[in-house]
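Data block below; observations after.
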Ligand SMILES: CC(C)(COP(=O)(O)OP(=O)(O)OC[C@H]1O[C@@H](n2cnc3c(N)ncnc32)[C@H](O)[C@@H]1OP(=O)(O)O)[C@@H](O)C(=O)NCCC(=O)NCCS
């Protein structure tokens, strides 16, 4: 089937569309792996599908002004999800069905999503490595900050305990919300508690200095701290807490940390010392803000 942008209907994504959206995401990311010569991810387990459907339904229900769907003749061909947190607007997801890509669907969805954040002072998008995505974000006026990612197998000594490190809990989310606000310019609202449901929270406290990181399987998926020395410590503790899945091990990514822009030299140093390999990653796309530091944003909640 051929989709031209003119056949499209754009509408808010509704919680009832969550299953179709989740199935679309699965198709898009599998095609993405093939197009980018990556090992194709294993088929999602029933549990992962349920989590993904719940995520779409929750977003559509809670942020109706930031949930957009593109339909072609009754078929869901694209989704954009955005969130507004105080003065920060961010794009969490932009996907177009592989059969409908390159024909302006992504442009229309992004335009609709951006309209919801037109009055936001700060804007952030963690791009994929799709050149069409990067082009779209630049065309929308974002600064593209190149980043590295660090992946591989941790050196033996990188599992050593870190002074002042411990597992975090719900009692830590308040100060993380405050500290995150001073780093990136906005609170997280409900996002931190949701992140804590799905990822392990690692915290470092040394006197008044504090830092946190969320870890999910092989990935350190968010980190921030009051200062670079504490950020280094919390990243070391987070890398030591990684627990790779079988797929992570099969593709040689037993530990992973992303979004190392030039502003995060502290994290590059930790990654090198931990024995990880640096390679080019996707750009961090920002408007109205320099890269927060010491900070590694989460791909969906920033
Ligand atoms: C990225 C994505 C959402 C874009 O949607 P799309 O409908 O395919 O894109 P569009 O047709 O609206 O626009 C693509 C733009 O990129 C440009 N483009 C196409 N191929 C390109 C290339 N190889 N390099 C640079 N720019 C390119 C096109 O010129 C077009 O710009 P124009 O409309 O000003 O001419 C879609 O391709 C997709 O789902 N990709 C996989 C998932 C993904 O990476 N999502 C981004 C998450 S951050």
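In the working numbering, the protein residues as written are 30 to 331. Every residue, glycine too, gets a C-beta built ideally from N, C-alpha and C. What you are looking at is a predicted structure, and each value in this text was computed from that prediction instead of being measured.
Residues bridged to residue 163 [DSSP beta-bridge criterion]: Along the chain shown, read from residue 1 onward, the residue named residue 163 stands at position 134. In the DSSP output, where bridge partners are listed per residue, residue 163 has none listed.
The region 169-182 in contact with the region 279-289 per 3-pair CB rule at 8 Å: yes
Distance CB(residue 117)-CB(residue 151) smaller than 8 Å: Taking the chain shown and counting its residues from 1, the one referred to as residue 117 is at position 88. Taking the chain shown and counting its residues from 1, the one referred to as residue 151 is at position 122. Contact: yes.
Residue 334 (DSSP reduced to helix, strand or coil): For the chain, the structure presents residues 30 to 331; residue 334 sits outside this window and is missing.
Local conformation of residue 293 per DSSP, three classes: As a working note, residue 293 is residue 264 in the chain shown. Three-state DSSP puts residue 293 in a helix.
Span separating the alpha-carbon of residue 318 from that of residue 154: Residue 318 sits at position 289 when you count from the first residue of the chain shown. Residue 154 sits at position 125 when you count from the first residue of the chain shown. Each residue's alpha carbon lies about 12 Å from the other.
Outcome for residue 301 when other beta-carbon atoms lying within 10 angstroms are tallied against a minimum of 16: As a position in the chain shown, residue 301 is number 272, starting the count at 1. Under this definition residue 301 is an exposed residue.
C-beta contact flag for residue 290 and residue 320 at 8 Å: Position 261 of the chain shown, counted from the start, is the residue given in the question as residue 290. Position 291 of the chain shown, counted from the start, is the residue given in the question as residue 320. Yes, Cβ-Cβ distance for residue 290 and residue 320 is below 8 Å.
Check whether residue 110 and residue 122 have beta carbons under 8 Å apart: In the chain shown, counting from the first residue as 1, residue 110 sits at position 81. In the chain shown, counting from the first residue as 1, residue 122 sits at position 93. Yes. Within cutoff.
Ligand 1 heavy atom lying under 7 Å from the CB of residue 293: Here residue 293 corresponds to residue number 264 of the chain shown, with the count starting at 1. No, the Cβ of residue 293 stays beyond 7 Å of every heavy atom of ligand 1.
Beta carbon of residue 254 nearer than 8 Å to that of residue 263: Along the chain shown, one-based indexing puts residue 254 at 225. Along the chain shown, one-based indexing puts residue 263 at 234. Yes, the pair counts as a contact, with Cβ atoms nearer than the cut-off.
Inside the region 223-272 only - alpha helix (DSSP H) runs reaching at least 4 residues: 257-269
As assigned by DSSP and simplified to three states, the class of residue 325: Numbered from 1 along the chain shown, position 296 holds the residue referred to as residue 325. If DSSP states are grouped into helix, strand and coil, residue 325 belongs with the strands.
Residue 170 and residue 138 closer than 8 Å at C-beta: Counted from its first residue, the chain shown places residue 170 at position 141. Counted from its first residue, the chain shown places residue 138 at position 109. Against a cut-off of 8 Å, the Cβ pair of residue 138 and residue 170 comes out as no contact.
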